[in-house]
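Residues in the sequence shown are numbered from 0 upward in steps of one, following numbering that gives the first Met the number 0.
Yeah, the Cβ is synthetic: ideal placement off N, Cα and C, and Gly gets one too.
Here the structure is a predicted model, which is why all the values come from computation and not from measurement.
What follows is a short report on a single structure.
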Amino acid sequence: MTQDQAHPAEPSYDPAALQLKWRPVWEKLDPFRAGSAAEGAPRKYALTMFPYPSGDLHMGHAEVMALHDVLARYWWLKGYDVLNPIGWDSFGLPAENAAIKRDQHPSVYTYDNIETQAESFKRYAVSFDWSRRLHTSDPEYYQWTQWLFLKFRERGLAYRKDSPVNWCPQDQTVLANEQVVNGLCERCGAVVTKRELNQWYFKVTEYAQRLLDDMDALQDTWPSRVLAMQRNWIGRSEGAHVDFVINLADGSTRSITVFTTRPDTLPGATFMVVAADAALAAEIASPSAAADLENYLVDVRKASDIDRLATDRPKTGVDLGITATNPVNGQQIPVWASDYVLADYGTGAIMAVPAHDERDREFAEKFGLAIVPVYDEDAPYDKAEAIKSTIGSLEAAGTGSGTVNFRLRDWLLSRQRFWGAPIPIIHCGDCGEVAVPYEDLPVRLPDNISGAALKPVGTSPLAAAEDWVNVPCPTCGKPAKRDSDTMDTFVDSSWYFLRYLDPTLETGPFDPAVAREWAPVDQYVGGVEHAILHLLYARFFTKVLHDMGMLDFVEPFTALLNQGQVINGGKAMSKSLGNGVNLGDVIDEFGVDATRLTMVFAGPPEDDIDWQDVSPAGSLRFLQRAWRLSGDVTSPVGATGGDVALRRATHRTIADAEALVESHRFNVLVAKVMELVNVTRKAIDSGCGGADPAVREATETVAILLSMVAPYAAEEMWERLGHPATVARVGWPTVDPDLLVEDSVTAVVQIQGKVKARLEVPPTITDAELEALALGSEDVVRALAGAAPKKVIVRAPKLVNIVI
């Protein structure tokens, strides 16, 4: 007889019915509103990287939200007052491109998708505080993005300059260096080129050293690979600035400073290289070289920075027809232009030492330039002392100085697109750049531009909106024009975690007093793909706001958890590959709880999940077994005592669960709950029965622990056990330490390494007592067959090893 036949009158487990039943109850109770915990409760801020509304939720959302929710719900159970907000990163190119295809305003596509995702999040039962909901494309939000821009500008951290920039020919907009992946636009995959434009920047480089130093405080709470990626991107290097005198074609001279990490190799500097696309190259080129340089630039501008720095790329260049004076030996060395030097690294020029640098060697060999060794690389050489001595000599001669350089470049934030926060600057012919007065913020996007009018043409669509762009100058009143560029969407996401503190605040971006109560974020959960851009920018913003006196901390996210990807058959899920899995279809077939359980149980959070290797059907069967326990309990609410073995299993599970959640071993937590369900079922079926209070205690524990992963089933179990909603706020079960102490331990007895006996012994047994017990065991005596032990190794209370 099956278990289902044993309970013919019992209602069946119906995931869909439970979802319909409990969602309205939770919406009415609003159990996860921040501030609803007991007075004086300690606070926790749980945050997941907010989604982009490009469509309904996918399996990646299913994973990250399930993992994140385990921790947020755990904190509620532990008695914390938890802030767990939700919002949407709702500006950006995908919405604008979709609007062009659909001949509509980007806001229509954006907000329709937001509502779709919001409904799915509620169905998925994530413990969000919906009163904190925000959208970065709301004027009430981007007003403060603009406010922060102006504050940064007042501090000299926002500025405009002409420079060669990454240009996406498909999306017709500039890209930050971090948004170019393997030479391609990370959004659309088009080959990125270079273009000379006047653009807005944030001066991130001013905080380079602090961004580097402050990572020491994150060493134990952030993934090591993320910290390594940030350190590499910041790229601190010590060296020297060296002044070279350039001898121009007209007989005049000009001084150029280069950065080098190896000033000790200056005697081997046999030529100089200037970035071909740097303004410097055109300025110093001889008349005879100017045409060659211009022709060369055509190809240079087609290559991305990544391509230009590739070690296997053939070296190309143009002789600029001039020389420079080596400051340590007075020799005249030729000056070339090439693409393997970047215009925005250092001064855009390098000294080339081909004897001790592989790229310089390849260039020298290609063009027949001198290669002069400074030292024998196979012989002893004190590099540190040589560098120190050379810097001293340069400083004494006034031709150089020791310095520190960073790979990090300033953040290019201008975008020539419509769907973003307008830059709050007005350009006046008389007054120059004029800030929009704070009282006139927000500078709202017009609502009469849509469809074809949004098509990228190299300038922002806002530039053609005459009724929007033409305004009087706030200073002199004369005709002027708004800045038509919008901000990179990473600006929006660099401070959103602070706006969650009070999304409706009208007096500032956030209240510093409230920030002191809730921030920084205690646990941040999201994908490792944001290891550089978003996390670095958010850290930069936090440090600036600290310096402005608005925050009392310098790091935004105390701890970081990166989840793996959800793949299928070893490949990323993709419509084109035909291996995509629709989250809605999975939920329809197996229910929310089984889907969440599957994502959590699949493995450690940081590992990838292959959909071919998991079993939502198996998760559903387990939930049915767990739910069925609640119908077997017949002891009254509050009953105590009962089967000691079952109680020990229950309290050990509670103790283990706490440690497992704290260490983010959520998959092992699920395994422990599964074990407890099996132990409880075995106790019931072996004669203990549902009337035993220990069965109630075990089943209540299952419901509480399961509420972190499968909230619908857990809530239904809690009600069937006679309790009011909601199980999510009942508190963490108390552990009886006496029940964690074992009455006996199984000691293994080995002879010649093979197990011959198992003995139940007190955990306090001594080595001598255990040895005597083992040697007197009938099984051991029989196995020895009269042979005398040569050596007995005892590790009380669990092991005896006999050598004969």
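Exercise for the section: Would you mind giving the Cβ-Cβ distance between A275 and L292, rounded to the nearest angstrom? I have them listed as a contact below 8 Å. Expected result: Correct: roughly 7 Å between the Cβ atoms.
Handout entry: Contacting residues, own chain, Cβ-Cβ under 6 Å from K301 (five flanking each side not counted)
Key = T192
Handout entry: Bridge partners - S254, DSSP secondary structure assignment
Key = V244
Handout entry: Presumed contact (8 Å Cβ cut-off) between E62 and I608, rounded CB distance
Key = 6 Å
Practice task
Going by CA-CA distance only, name the one from D219, A648, A98, T725 that's closest to D742.
Solution key: A648
Exercise for the section: Determine the direct distance from the alpha carbon of L535 to that of W25, and round the result to whole angstroms. Expected result: Distance from the CA atom of W25 to the CA atom of L535, rounded to whole angstroms, is 37 Å.
Exercise for the section: Name the residue from S685, I653, V793 whose alpha carbon lies nearest to the alpha carbon of P736. Expected result: Of the candidates S685, I653, V793, the one whose C-alpha sits nearest the C-alpha of P736 is I653.
Exercise for the section: Report the residue from T700, V470, P519 whose alpha carbon sits nearest the alpha carbon of V734. Expected result: The shortest Cα separation from V734 among T700, V470, P519 belongs to T700.
Exercise for the section: Locate the beta strand (DSSP E) running through T400, then write down its first and last residues. Expected result: Here the sequence assigns Ser to residue 400, which means Thr is not the residue at that position. First-last of the beta strand (DSSP E) with S400: 399 to 405.
Problem - Beta-carbon gap between R414 and T458 smaller than 8 Å - result: no
Exercise for the section: Can you give me the start and stop residues for the beta strand (DSSP E) that Y200 sits inside? Expected result: Boundaries of the beta strand (DSSP E) around Y200: 192 to 201.
Problem - Cβ-Cβ separation, D55 to T115 (assumed contact under 8 Å), whole Å - result: 5 Å
Exercise for the section: Check whether the Cβ atoms of S126 and A727 sit closer than 8 Å, and answer yes or no. Expected result: yes
Practice task
Go through its chain and collect everything with a Cβ distance to E394's Cβ below 6 Å, but skip five positions before and after it.
Solution key: Excluding positions up to five away in sequence, the list reads S400.
Practice task
Following the continuous alpha helix (DSSP H) through Q208, name the residue where it begins and the one where it ends.
Solution key: Run containing Q208: 207 to 212, per the alpha helix (DSSP H) assignment.
Exercise for the section: Using 10 angstroms around the beta-carbon of L46, count the other beta-carbons present and answer buried if the total reaches 16, otherwise exposed. Expected result: buried
Handout entry: Reduced DSSP category for R408 - H, G, I as helix; E, B as strand; rest coil
Key = coil
Problem - Whole-angstrom distance between V527 and T594, CA atom to CA atom - result: 23 Å
Handout entry: C-alpha distance - R805 paired with D263, whole-angstrom precision
Key = The shown model of the chain, from 0 to 803, leaves out residue 805, and the question about it has no answer.
Problem - With 16 other Cβ atoms within 10 Å as the buried cut-off, status of E770 - result: Looking at its Cβ environment, which holds 16 or more other Cβ atoms inside 10 Å, E770 is buried.
Practice task
State whether the region 266 to 283 contacts the region 322 to 335, with contact taken as three or more CB pairs (one from each stretch) at a distance under 8 Å.
Solution key: yes
Handout entry: Range of the contiguous alpha helix (DSSP H) that encloses W21
Key = 14 to 28
Problem - Range of the contiguous alpha helix (DSSP H) that encloses P286 - result: Its alpha helix (DSSP H) spans residues 286 to 299.
Practice task
Using alpha carbons as the reference points, say which of N677, T679, V613 lies closest to N666.
Solution key: V613
Exercise for the section: Give the DSSP bridge partners of K753, in chain order. Expected result: I750
Practice task
Report yes if the CB atom of A94 is closer than 8 Å to the CB atom of W418, and no otherwise.
Solution key: yes
Exercise for the section: Report the residue from A682, V678, L596, I586 whose alpha carbon sits nearest the alpha carbon of Q18. Expected result: I586
Practice task
Using alpha carbons as the reference points, say which of V327, A216, R230 lies closest to V241.
Solution key: V327
Practice task
Just mark N165 as buried or exposed, buried being the case when its beta carbon has 16 or more other beta carbons within 10 Å.
Solution key: buried
Practice task
Would you check if the region 251 to 259 and the region 575 to 583 touch, i.e. whether three or more CB-CB distances between them fall below 8 Å?
Solution key: no
Exercise for the section: Have a look at R307 and I531 and give me their C-alpha separation to the nearest angstrom. Expected result: 21 Å
Exercise for the section: State the beta-bridge partners of I566 as determined by DSSP. Expected result: A571, D609
Practice task
Give the secondary structure of K77 by DSSP, where H, G and I count as helix, E and B as strand, and everything else as coil.
Solution key: coil
Problem - Spatially closest choice to Q564 from G525, G548, A537, F540, by CA coordinates - result: G525
Problem - Rounded separation between H57 and T220 - CA only - result: 28 Å
Exercise for the section: Determine, using beta-carbon pairs with one atom in the region 538 to 553 and one in the region 205 to 223, whether at least three such pairs fall under 8 Å. Expected result: yes
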